Each structure stands twice: as C-alpha cells, then as structure tokens.
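What follows is one structure encoded as structure tokens, with my remarks underneath.
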Amino acid sequence: MQKSKRFLVGAPLLALVFLITNPAFASFQSDDWVRPAPRNQVAKVDVGQLKGSKRVAARRAAYQKMIKSAAKKHGVPIKVAQAVVQVESNFNPKARGGAGEIGLMQIKPATARGLGFRGNSRSLYDPQTNLEWGMKYLAGAHKLANGDVCGTILRYNAGHYARRMNPISARYCRKVQRIIASS
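With the working numbering applied, the sequence shown covers 3 to 185.
Right, here's the structure in full:
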C-alpha cells in the first residue's frame, strides 16, 4: 500500500519536473508563442533550386536594398547577409520555422527580445523589422567569430556562444559558402 501511494504522488511530480526542465517547454513560456508552420510552409530550399525560379528572383530583388542597408548598418558583410537570408527563408518574408522562427532571417521572438525588441511576434513578419533584429543578431555572431564565415554561421545558427561546429551548422556553412562563391 505504501509503494502505490508513493507512486501516485511521485509520478505526477516527476512529470511536472520533466515538463518544466524540458527545453521544448520553454517555447510555451512566452506570452506570444508562435505556432510552428506545417513542414510544407517552411521556405527553406536547396540552393540548386533557386536559379530557375522567377518568383525567388523577384523576391530577392525586392529585398536587396533593405538587406544591404541593414548589413551595412550592423557591420555584416553584404554577401554573408544575402546568403543567410537566402538559406534561412529563400527571401520569403512570410516564412515560419518549426521552432518558431519568423520571416526573412528566421529570427525567434525570444532572440529578438533579448536584443531589445519590444514588439509582438507578428511584427517580425515585417521585412524591415525582421532584417533589423536578425541582422543585429548576425552582427553579434560575426563579431564573436572574428569575421570567420563558418564561425559566424555556427553562432547565428546554434547560438552566440556555440564553440563546436555541429553537422547542421556545417551544412549551413557550406550552403552559405556556395552562395557567396556564385555571387
């Protein structure tokens, strides 16, 4: 009888501790959490698919001036900035990532807030707003990496204090390097 009482009390407490300490729970703690998009709506595509797309070319042209301006303002090399936007959203300002990333630079609302952003998540879909806060984060990554492209990508993708290249960031860096080389 004692064991079953302990189980009845202990199991829910253990579940609660797991929920609170689980990183996936962290996204629910925000007051304006963004529901992840279905996989078919996430606009991340292979670089090889971009060359023949008129729609992508039109979007790229539409945001080119804004990307250059934000990159210059924050001290990010323009080619790196353009490549990051291409890999992150394929120049789609309505792109949503599975972990709550938003817009052209796929910045998370919590990341933007950490940099001083005070708007709501919806306002990060605005290209100018998204580029401002995404470029600010990319600039921090660039500075921490001492200008190294792969170091910048690692820190943009895995967090500013990431030190070891992981397979996802390595693939991301190769895509960025191919885009830079072809531009």
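Heads up, the beta-carbon is just placed ideally off N, CA and C, and yes, glycines get one too. Note that this is a predicted model, so its numbers are computed, not measured.
* Asked: Quick one, which of 150, 116, 93 has its alpha-carbon nearest residue 56's?
  -> Of the listed residues, the one whose Cα sits closest to residue 56 is 93.
* Asked: Given 8 Å as the limit, is there contact between the stretch 139 to 155 and the stretch 103 to 122, that is, 3 or more CB pairs closer than that?
  -> Contact between the stretch 139 to 155 and the stretch 103 to 122 is present: three or more C-beta pairs spanning the two stretches fall below 8 Å.
* Asked: Per DSSP, what kind of secondary structure is residue 98 in: helix, strand or coil?
  -> Note: residue 98 maps to strand in three-state DSSP.
* Specify, as a first and last residue, the run of the alpha helix (DSSP H) that residue 173 falls within. => Boundaries of the alpha helix (DSSP H) harbouring residue 173: 169 to 184, taken from the DSSP string.
* Could you tell me if residue 91 is buried or exposed, where buried requires 16 or more neighbouring beta carbons within 10 angstroms of its beta carbon? => Counting Cβ neighbours within 10 Å, residue 91 comes out buried, since at least 16 surround it.
* Asked: Looking only at C-alpha atoms, which of 59, 135, 119 sits nearest to residue 75?
  -> Taking each of 59, 135, 119 in turn and checking the Cα distance to residue 75, the smallest one comes out for 135.
* To do: Would you mind listing the alpha helix (DSSP H) stretches within the stretch 92 to 149 that are 4+ residues and don't spill past its ends, in chain order?
  => Runs found: 111 to 116, 129 to 146.
* **Contact the stretch 113 to 129 vs the stretch 163 to 178: 3+ CB pairs below 8 Å** => With a cut-off of 8 Å on Cβ pairs, the stretch 113 to 129 is not in contact with the stretch 163 to 178, counting fewer than three such pairs.
* **Boundaries (first-last residue) of the alpha helix (DSSP H) holding residue 166** => Under the DSSP assignment, residue 166 falls outside any alpha helix (DSSP H); it carries neither an H nor an E label.
* residue 153 vs residue 126 beta-carbon contact at 7 Å -> If you check the CB distance, residue 153 and residue 126 do not come in under 7 Å.
* Quick one: give me the first and last residue of the alpha helix (DSSP H) that residue 76 is part of. => Counting along the chain, residue 76 sits inside the alpha helix (DSSP H) bounded by residues 56 to 76.
* Coil, strand or helix - residue 153 by DSSP -> DSSP places residue 153 in helix when its eight states are reduced to three.
* Taking C-beta to C-beta, are residue 85 and residue 181 nearer than 7 Å? -> It is a contact, given that the beta carbons lie within the stated cut-off.
* Could you work out which residue in 103, 102, 62 is closest to residue 83 when comparing CA atoms only? => Measuring from the Cα of residue 83, the nearest candidate turns out to be 62.
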